[in-house]
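Structure first, commentary second.
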Amino acid sequence: MEIRKFRSIGLMSGTSCDGLDICYCHFTWNGEKWEFEILAGETIPYSSEWIGRLKAAHELNGRDLIIFHKELGRFFGIQTKKFIQRHHILKLDFIASHGHTVYHEPKLGLNFQAGDGHCIAAETACSTVFDFRSLDIALGGQGAPFVPIGDRYLFSDYDACLNLGGISNISFERAGQIFAFDISPFNILLNNFSQRMGYPYDDKGQLARSGSVNKDVVEQFNKLDYFKRSSPKSLSRELIDSEYGSVLENHTLSEMDWLRSLVEHYVIQISDVLENNHIKNILLSGGGVYNSFFVEELSKRTNTQLVIPDKMTIDFKEALLFAFLGCLKKADLPNVFSSVTGASRDSISGLEVRYNA
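The letter at position 188 of the sequence shown is residue 197 when you use our numbering, and the numbering goes up by one with no holes.
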């Protein structure tokens with residue numbers, strides 16, 4: 010492939026519902042490898058009203074879900090347009106949006122990412138790529154995870170990459186084969202208990218640090234069916250509710266003890282994956298990196314070197330990767346690996362709305 014250059018914006022809205030990540034990136038294919046630079050990034054916090062709507066979206070009827078889908082797309086588009094203006098962005102080839110996951114049940118062939126890309130394109134007057142999951146799911150895949158292709162081409166200096174967002178997921182390569190899967194929930198449950206105490210999240214893990222481990226709860230978490238499954242596998246709000254719900258409902262703990270027990274559970278599951286796969290060093294990203302207590306506990310349990318990158322990479326790696334998926338789409342190259350998702354073949358995924366001014 011000839012030398013190609015793209016300037017694109019990636020949008021990411023995760024299961025933790027903390028905000029919309031917007032990342033302006035420059036990608037170059039130099040004939041041998043992909044290179045990238047994050048030129049600007051912001052997280053636009055969701056208002057309490059939007060948080061409530063996002064968390065309740067799966068309960069909407071058909072008509073109201075479509076209205077929500079359109080309105081969220083408008084919101085994404087308006088915020089992206091303001092971002093473009095604030096950062097005086099003059100060169101932009103396209104926007105690539107993850108959307109916000111409302112349904113993810115690949116066994117049923119079901120997935121819905123809210124935030125209509127047509128509305129994003131209309132608000133920003135820019136071509137937009139969106140709906141990256143649907144084709145892979147139609148091909149029998151999980152529609153997740155997406156990060157492996159970006160990790161392979163953009164972060165190949167590391168033995169593995171671990172994202173700590175609403176859900177923790179890992180990507181690594183062995184003997185030319187890529188492995189990637191969701192390991193466990195992460196902030197999606199931690200934030201829930203922090204918010205019960207009046208905090209948006211557990212800053213540096215201090216609340217969990219003050220709690221006590223309930224060994225019975227941790228043991229029950231570790232015995233959940235999800236951890237008996239082999240990859241490809243992925244977590245969703247529906248699966249987390251069904252798998253963790255009974256344990257959460259059948260025990261009465263303080264919020265701090267729940268936080269501490271969840272951290273213990275996460276550390277066990279993640280360290281087991283690292284040790285079992287002989288990971289020498291791993292790049293950490295996502296909001297969970299700021300949970301100092303978790304990182305300390307994980308470092309105690311594993312021999313893997315935990316690499317914490319610069320703040321822009323921590324905060325915007327997922328948005329960066331969706332911008333990159335859009336680049337591959339525009340270059341007509343596969344951007345989803347069937348070896349990771351379990352689909353019948355690799356695919357060039359994503360729908361594109363081409364905007365002509």
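Glycine included, C-beta positions come from ideal geometry on N, C-alpha and C.
For residue i: DSSP bridge partner residues
{"i": "H113", "result": "N120"}
{"i": "E361", "result": "V138"}
{"i": "R13", "result": "W38"}
{"i": "V316", "result": "L292"}
{"i": "V156", "result": "Per DSSP, none; premise fails for V156."}
{"i": "S106", "result": "L20"}
{"i": "S356", "result": "V345"}
Closest Cα partner of residue i within the set the options
{"i": "N344", "options": "L48, L233, S57 and A105", "result": "A105"}
{"i": "D250", "options": "L198, F139 and K116", "result": "L198"}
{"i": "S243", "options": "P154, D145 and Y33", "result": "P154"}
{"i": "R218", "options": "F188, G149 and E264", "result": "E264"}
{"i": "Y33", "options": "N365, L337 and K326", "result": "K326"}
{"i": "I60", "options": "S17, L101 and V111", "result": "V111"}
{"i": "F195", "options": "Y208, L171 and L63", "result": "L171"}
{"i": "V349", "options": "E58, G149 and R62", "result": "G149"}
{"i": "G82", "options": "G126, E114 and S270", "result": "G126"}
{"i": "S270", "options": "F202, G159 and E58", "result": "F202"}
{"i": "S193", "options": "K232, T261, S358 and E305", "result": "K232"}
{"i": "E361", "options": "A332, R354, D355 and F346", "result": "A332"}
{"i": "L101", "options": "N223, C336, Q278 and E247", "result": "C336"}
{"i": "F77", "options": "G124, I317 and R95", "result": "G124"}
{"i": "K64", "options": "N285, E247 and I179", "result": "E247"}
{"i": "D191", "options": "P241, K237, V222 and Q204", "result": "P241"}
{"i": "E132", "options": "L144, K320, I93 and E114", "result": "I93"}
{"i": "P115", "options": "L144, G254, M206 and T37", "result": "L144"}
{"i": "T37", "options": "L283, E58, S17 and F181", "result": "S17"}
{"i": "R354", "options": "H96, E58, S56 and A147", "result": "A147"}
{"i": "Q278", "options": "K237, L268 and N259", "result": "K237"}
Length of the line joining the Cα atoms of residue i and residue j
{"i": "F103", "j": "F15", "result": "8 Å"}
{"i": "D2", "j": "L257", "result": "Since the first residue of the chain shown is 10 and the last is 366, residue 2 is not available in this structure."}
{"i": "G23", "j": "A184", "result": "31 Å"}
{"i": "R13", "j": "L334", "result": "14 Å"}
{"i": "G50", "j": "G108", "result": "17 Å"}
{"i": "A352", "j": "R142", "result": "11 Å"}
{"i": "Q215", "j": "F302", "result": "7 Å"}
{"i": "T311", "j": "G296", "result": "21 Å"}
{"i": "G71", "j": "I288", "result": "45 Å"}
{"i": "I291", "j": "Q314", "result": "6 Å"}
{"i": "D166", "j": "S280", "result": "21 Å"}
{"i": "L48", "j": "H35", "result": "7 Å"}
{"i": "F45", "j": "Q229", "result": "43 Å"}
{"i": "Y235", "j": "L99", "result": "46 Å"}
{"i": "Y364", "j": "L307", "result": "46 Å"}
{"i": "H274", "j": "K91", "result": "40 Å"}
{"i": "A169", "j": "T89", "result": "31 Å"}
{"i": "L330", "j": "L163", "result": "9 Å"}
{"i": "R161", "j": "I179", "result": "12 Å"}
{"i": "Y210", "j": "G40", "result": "43 Å"}
{"i": "A189", "j": "F181", "result": "6 Å"}
{"i": "L173", "j": "V276", "result": "12 Å"}
{"i": "C128", "j": "K213", "result": "37 Å"}
{"i": "N300", "j": "F84", "result": "29 Å"}
{"i": "I357", "j": "V222", "result": "45 Å"}
{"i": "D73", "j": "K42", "result": "45 Å"}
{"i": "D319", "j": "G86", "result": "27 Å"}
{"i": "E68", "j": "R62", "result": "10 Å"}
Assigned exposure category for residue i - 16 Cβ within 10 Å defines buried
{"i": "G118", "result": "exposed"}
{"i": "Q122", "result": "buried"}
{"i": "T137", "result": "buried"}
{"i": "M21", "result": "buried"}
{"i": "K339", "result": "buried"}
{"i": "N200", "result": "buried"}
{"i": "P157", "result": "buried"}
{"i": "S239", "result": "exposed"}
{"i": "I75", "result": "exposed"}
{"i": "H97", "result": "exposed"}
Requested in this report: Let me know the alpha helix (DSSP H) ranges lying completely inside the segment 158-217, each 4 residues or longer, listed in chain order.
Outcome: 196-205
Report task. Let me know the alpha helix (DSSP H) ranges lying completely inside the segment 19-96, each 4 residues or longer, listed in chain order. Result -> 57-65 and 71-95
Requested in this report: List in chain order: all unbroken beta strand (DSSP E) runs of 3+ residues lying wholly within the segment 244-310.
Outcome: 290-294
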